[in-house]
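Protein chains in written order, with numbering that gives the first Met the number 0: chain A, 0 to 93; chain B, 0 to 230.
All C-beta atoms, glycine included, are put in the ideal place defined by N, C-alpha and C.
Everything below concerns the one structure shown next.
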Amino acid sequence: MKFSVLVEVRLHPGIADPQGATIERALPALGFSEVAGVRVGKAIRFVIDAADEPAARAEAEDVAQRLLANPVIEETAVTVLGPPSVDGSDGAGG
Amino acid sequence: MSTRVGVVVFPGSNCEHDVVRALQGLGAGAELVWHDRRRLERLDALVLPGGFAHGDYLRPGALARFSPVMDAVARFAADGGPVVGICNGFQVLTEAGLLPGALQKNAGLRFLCTVVPVVVSSTRSALTGHLELGSVLELPINHFEGNYTGDEATLAQLRAEDRVVLRYAVNPNGSADDIAGICNEAGNVVGLMPHPERACDPLTGRTDGQGLLRSLLSAAVAAPSPALGGG
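Encoded structure:
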């Protein structure tokens, strides 16, 4: 079975995020003065062929830990989105 | 026979010729080593040069770490051979786990291309053995991700084991503890953000990089012939 997967890579809470800080400082200029806690990360999508959902998740976790994130500064969140969409609208390319 | 230094070239490296020329200027032999090599023979030291290995895709060093040559680099280092990562090479060494910590985007989000004073804060590494503790070197920096980051335990360990080899006199990038360069426990693996190879010829304005590369060449001669075991 094919599963569409979303991996979010984000900085550990204690790690300084100059990109997030810069965005946060820019927002009041547009009138968004209530926005706080901006953190910038990466979203990576791919499709995994696996026996079932837990197997797809386990493999995606492995991919995330071993390549997609640097554990010194980053953490990951894996979401198994389900079967890839036919039209590729989930970013998986159909 | 002169000392032979291998300069590892990844797709996207761009400082390899500068390193070769600087080493040759000091009387050493230097040769380029393409990243798909699985064996390293007859080399006394390795340099991972600056640039954008594998386009810096995903993160600087994240993909270079999986280049075939990296297993040989790790063996060479484990056998005591001197390995120096400059700029992008430092990033590759941290991603490969040969040095602790990580290099984050500069505080201030500016790509820095300038010359900075750097203080020699330890002489126990392969790159600083011939320098005087506390001496100040004028060295070029040229990076966007040079902000050294590590957890408190890592930073404390680096300090306790005298492994911070170079510190910025004036911190340009937010680097923890003003770190410009560190070494491994044995001192034979060194990573630094400044570019010593660009400060080796009076023609380009300064020569403070020579002392660092001379130290490396001395360490290469003294090292226990890792090329034989490193194969």
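Cβ neighbours of residue i in the same chain (closer than 8 Å, five flanking residues each side left out)
i: Asn170(B); result: Asp177
i: Val163(B); result: Ser120, Ser121, Leu157, Asp176, Ile178, Gly180 and Ile181
i: Ala50(A); result: Met0
i: Ser1(B); result: Gly26, Ala27 and Gly28
i: Val72(B); result: Val7, Leu39, Leu45, Leu47, Val82, Ala95 and Leu97
Neighbour flag for residue i against chain B, beta carbons, 8 Å
i: Gly93(A); result: The pLDDT assigned to Gly93(A) is 43, lower than 50, so where the model puts this residue is not dependable, and the model offers no usable value.
i: Pro17(A); result: yes
i: Thr21(A); result: yes
i: Leu29(A); result: no
i: Val77(A); result: no
i: Val37(A); result: no
Identity of the residue in the options nearest residue i by Cα
i: Ile140(B); options: Cys14(B), Asn146(B) and Leu111(B); result: Leu111(B)
i: Gly50(B); options: Val118(B), Val115(B), Ala152(B) and His142(B); result: His142(B)
i: Glu40(B); options: Tyr56(B), Gly79(B) and Arg3(B); result: Arg3(B)
i: Glu94(B); options: Arg123(B), Arg64(B), Asp78(B) and Asp70(B); result: Arg64(B)
i: Ser84(A); options: Leu66(A), Val46(A) and Leu67(A); result: Val46(A)
i: Gly107(B); options: Pro53(A), Ala15(A), Asn69(A) and Val71(A); result: Ala15(A)
i: Ala42(A); options: Gly81(A), Val6(A) and Asp51(A); result: Val6(A)
i: Leu62(B); options: Gly133(B), Val114(B), Gln23(B) and Val91(B); result: Val91(B)
i: Pro10(B); options: Gly28(B), Ala29(B), Pro59(B) and Ala27(B); result: Pro59(B)
i: Glu160(B); options: Gly173(B), Ser124(B) and Glu144(B); result: Ser124(B)
Assumed close pair residue i, residue j - CB separation to whole angstroms, cut-off 8 Å
i: Tyr147(B); j: Gly100(B); result: 6 Å
i: Asp43(B); j: Ala185(B); result: That belief does not hold up - the Cβ atoms of Asp43(B) and Ala185(B) are roughly 16 Å apart, past 8 Å.
i: Ala63(A); j: Val77(A); result: 6 Å
Cβ neighbour criterion (16 or more within 10 Å) applied to residue i
i: Lys1(A); result: exposed
i: Asp109(B); result: The sequence shown places Arg at residue 109(B), rather than the Asp named in the question. That one is exposed.
i: Pro116(B); result: exposed
i: Gln23(B); result: exposed
i: Leu97(B); result: buried
i: Gly230(B); result: In this predicted model, Gly230(B) has a pLDDT of only 40, less than 50, meaning its place in the structure is not dependable enough to derive any value.
i: Glu15(B); result: buried
Chain A contact for residue i (CB, 8 Å cutoff)
i: Glu94(B); result: yes
i: Ala61(B); result: yes
i: Gln103(B); result: yes
i: Leu227(B); result: Only weak support exists for where Leu227(B) lies, its pLDDT of 47 falling under 50; the value from the coordinates is given anyway. It does not; no Cβ of chain A falls within 8 Å.
i: Leu108(B); result: yes
i: Ile181(B); result: no
Spatial neighbours of residue i in its chain, beta-carbon cut-off 6 Å, leaving aside the 5 residues before and after
i: Trp33(B); result: Val8
i: Val82(B); result: Leu45, Ala76 and Val188
i: Asp48(A); result: Lys1
i: Leu165(B); result: Val117, Ala179, Gly180 and Leu191
7 Å Cβ shell around residue i - same chain, five flanking residues per side excluded
i: Leu25(B); result: Gln209, Leu212, Arg213 and Leu216
i: Leu227(B); result: Caution applies to Leu227(B), whose pLDDT of 47 falls short of 50 and renders its modelled position unreliable; the value that the coordinates give is listed next. Once the five neighbours on either side are set aside, Leu227(B) has no close Cβ partner at all.
Heavy atom of the ligand HEM within 7 Å of residue i beta-carbon
i: Ala179(B); result: The ligand HEM is absent from the structure shown, which contains no ligands of any kind.
Beta carbon proximity, residue i to chain D, threshold 8 Å
i: Arg162(B); result: Structure shown: chain D not included; protein chains present are A and B.
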